[in-house]
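A.B. asks:
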Amino acid sequence: MNHREVAEQLVHLLGGQNNVVSAAHCATRLRLVLEDESQVDTKAIEELDGVKGAFSSSGQYQIIFGTGTVNKVFAEFAPLAGISLEEEAKTETHGDAAKRKMNPFARFARTLSNIFVPIIPAIVAAGMLMGLLGLMNTYNWVDPESGLFVMLDMFSSASFIILPILIGYSSAKEFGGNVYLGAVIGGIMTHPELLNPWGLTDTEPSTLDFFGFGVEMLGYQGTVIPVLLTVYIMSKLEKMLRKVVPNVVDLLLTPFLTVILTGFVALLVVGPVGRALGDGITSVLDVVYGTAGPIAGFIFGGLYSTIVLTGVHHSFHAIEAELLAKAGGNFLLPIWAIANVAQGGATLAVFFRTKNKKTKEIAVPAAVSAFLGITEPAIFGVNLKHRRPFIGAAIGGALGGSYVVFTQVMANGIGLTGIPMFAIAQDPLNYGIAFVIGVAGAFIATLFLGWKEE
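Numbered as in the working numbering, the sequence shown ends at 502 without a single skipped number.
(1) Only counting runs of 4 or more residues, tell me where the alpha helix (DSSP H) segments fall wholly within the region 388 to 434, in order along the chain.
(2) Just mark residue 193 as buried or exposed, buried being the case when its beta carbon has 16 or more other beta carbons within 10 Å.
(3) Buried or exposed: where does residue 299 fall if 16 or more other Cβ atoms within 10 Å of its Cβ makes it buried?
(4) Residue 390 and residue 486: beta carbons closer than 8 Å?
(5) At the level of alpha carbons, what is the spacing between residue 230 and residue 177?
(6) Let me know if residue 408 comes out buried or exposed under the rule of 16 or more other beta-carbons within 10 Å of its beta-carbon.
(7) For residue 384, is the classification buried or exposed, using 16 other Cβ atoms within 10 angstroms of its Cβ as the cut-off for buried?
(8) Per DSSP, which one or two residues make a beta bridge with residue 89?
(9) What are the boundary residues of the alpha helix (DSSP H) that residue 491 is part of?
(10) Could you compute how far the alpha carbon of residue 342 sits from the alpha carbon of residue 386?
(11) The alpha helix (DSSP H) spanning residue 440 covers which residue range?
(12) Compute the Euclidean distance between the alpha carbons of residue 253 and residue 242, then round it to the nearest angstrom.
(13) Taking the alpha carbon of residue 313 as the point to measure from, which residue in 282, 287, 296 has its own alpha carbon closest?
(14) Can you have a look at residue 435 and say buried or exposed, based on whether 16 or more other CB atoms are within 10 angstroms of its CB?
(15) From residue 416 to residue 470, what does the alpha carbon distance come to, in whole angstroms?
(16) In three-state terms, what does DSSP make of residue 113?
(17) Does residue 73 come out as helix, strand or coil in the three-state DSSP assignment?
(18) Hey, quick one: how far does the alpha helix (DSSP H) through residue 263 stretch, first residue to last?
(19) In this structure, how does DSSP classify residue 257 when only helix, strand and coil are distinguished?
(20) Measure the alpha-carbon distance for residue 208 versus residue 411 and round it to whole angstroms.
(21) Verify whether the separation of the beta carbon atoms of residue 380 and residue 372 is less than 8 Å.
(22) Looking at the structure shown, is residue 57 part of a helix, part of a strand, or coil, going by DSSP?
(23) Checking 8 Å against the spacing of the C-beta atoms, do residue 202 and residue 319 come in under that value?
(24) Thinking C-alpha only, which one of 105, 349, 85, 304 is nearest residue 446?
(25) Please report the distance separating the alpha-carbon of residue 268 from that of residue 292.
(26) State the start and end residues of the unbroken alpha helix (DSSP H) segment that holds residue 234.
(27) Select from 271, 87, 490, 451 the residue whose C-alpha is nearest the C-alpha of residue 505.
(28) Between which two residues does the alpha helix (DSSP H) carrying residue 153 extend?
(29) Would residue 500 be called buried (16 or more neighbouring beta carbons within 10 Å of its own) or exposed?
(30) Of all the options 457, 75, 104, which has the alpha carbon lying nearest to the alpha carbon of residue 89?
(31) Output yes or no for whether 8 Å exceeds the beta carbon distance between residue 395 and residue 442.
(32) Give me the Cβ distance between residue 309 and residue 263, rounded to the nearest whole Å; I'm assuming they're in contact under 8 Å.
(33) Mark residue 458 as exposed unless 16 or more other C-beta atoms lie within 10 angstroms of its C-beta, in which case mark it buried.
(34) So for residue 340, helix, strand or coil by DSSP?
(35) Assuming residue 450 contacts residue 346 under a Cβ cut-off of 8 Å, what Cβ separation, rounded to an integer in Å, is found between them?
(36) What is the DSSP secondary structure of residue 375, reduced to helix, strand or coil?
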């Protein structure tokens, strides 16, 4: 593959350099914000060497190249399109440009995604440690009173105990506030003076008399929504103060006033309201999970890939993080995970049945990618293009999703799906069975439904 030649052809097929507003890339896709998408020749782009699919979503025109290849194509494409290769400038400009083209709902989902994606490694590490501790305890590998077990237990719970600090930093960055002030607000909400509710059972928090107003001294360890709301207010307050505070005292007064005012807002108003909202969402999901059971798994598993097309799935991380803290496990992630691998099963069916050489070349790597949790090549490069394989994948996701709910499979983290989710699954055996059901169900359904070759 000649990366330079592909990049040159891309610029032409995208409508020329002047039609490219900004560009960036993720692990598998070239992400472009274009002035006028009607100038794009999608059919010709999909025929280019190395291209696995092209589509428009979330305010961006996205071209799938796959891991590794996309980096090399972008390195050649950026100068031809007049895009800066400086990572920070590129990402910031591109993110702003993409958001301007989104509807408010999609913009909200993207905002939550930008906040939680950087935090995922910390939660994944904690989830894997929890899984290791569970194995140690189940099979009596280590005495629960031993120093090793106690220290590993500390390591596994740390991410959730300081979760408001992590969210405070990340959300302040997304909302345009000072990231360190955001972390301070998270620190206030997890201060040692407040009773730590992480793992709390019957202990009752004390009540502080604040000018006749009773403040429950209960911390926000492991919570999500309270700190999100508080840091949003903090960022707005900080920006407002910077406009009115004289420059000569800005460094002194703005942080001081921001922290003290936001701190009162956090503990007196937003925190309690946010906690009630988070508890309400968790309770509703618990009721649906407990009463609808496998039916809910069937519906969620069948619809998840369609939700992915809208980009709204990015907002689920906030709900999943709340579930981890309140429900003792994430029961949504196994459903999403099976829906993802079902896309791989449908793609394999396309590989075995198609006579199109280009489709065969794309199908196997796309299926492997889906089994590892990255579904874009399978969805946009193969299944959605032929329509019926996408429906077959939805059937496989529904069957597997129903099984994981029936067997009450939960995860100890967020972000990992497909094969990697075995590391954080609380019940790897039943997750493995659901994995097979999802893939086989999608494979058989796709072959049965068939599709028309171009």
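We treat Cβ as the ideally placed atom computed from N, Cα and C, and that holds for glycine.
Note that the structure is predicted; figures quoted are calculated from it, not measured.
C.D. replies: Let me lay it out:
(1) You should have 405 to 419.
(2) exposed
(3) exposed
(4) yes
(5) 27 Å
(6) exposed
(7) buried
(8) Answer is none; residue 89 lacks a bridge partner.
(9) 476 to 497
(10) 14 Å
(11) It spans 436 to 454 - the alpha helix (DSSP H) in which residue 440 sits, taken as one unbroken run.
(12) A direct Cα-Cα distance of roughly 8 Å separates residue 253 from residue 242.
(13) 282
(14) Around the beta carbon of residue 435, fewer than 16 other beta carbons sit within 10 angstroms, so the residue counts as exposed.
(15) 16 Å
(16) coil
(17) strand
(18) Where residue 263 is concerned, there is no enclosing alpha helix (DSSP H), although the beta strand (DSSP E) it sits in stretches over 261 to 264.
(19) strand
(20) 39 Å
(21) At a Cβ-Cβ threshold of 8 Å, residue 380 and residue 372 do not count as neighbours.
(22) helix
(23) no
(24) 349
(25) 32 Å
(26) 227 to 236
(27) The chain is shown only over 49 to 502; residue 505 falls outside these bounds and no answer can be derived.
(28) 152 to 164
(29) exposed
(30) 104
(31) no
(32) So it is not a contact: roughly 16 Å between Cβ atoms.
(33) Classification of residue 458: buried, given that the 10 Å Cβ count is 16 or more.
(34) Coil.
(35) 4 Å
(36) Secondary structure at residue 375: coil, using DSSP grouped into helix, strand and coil.
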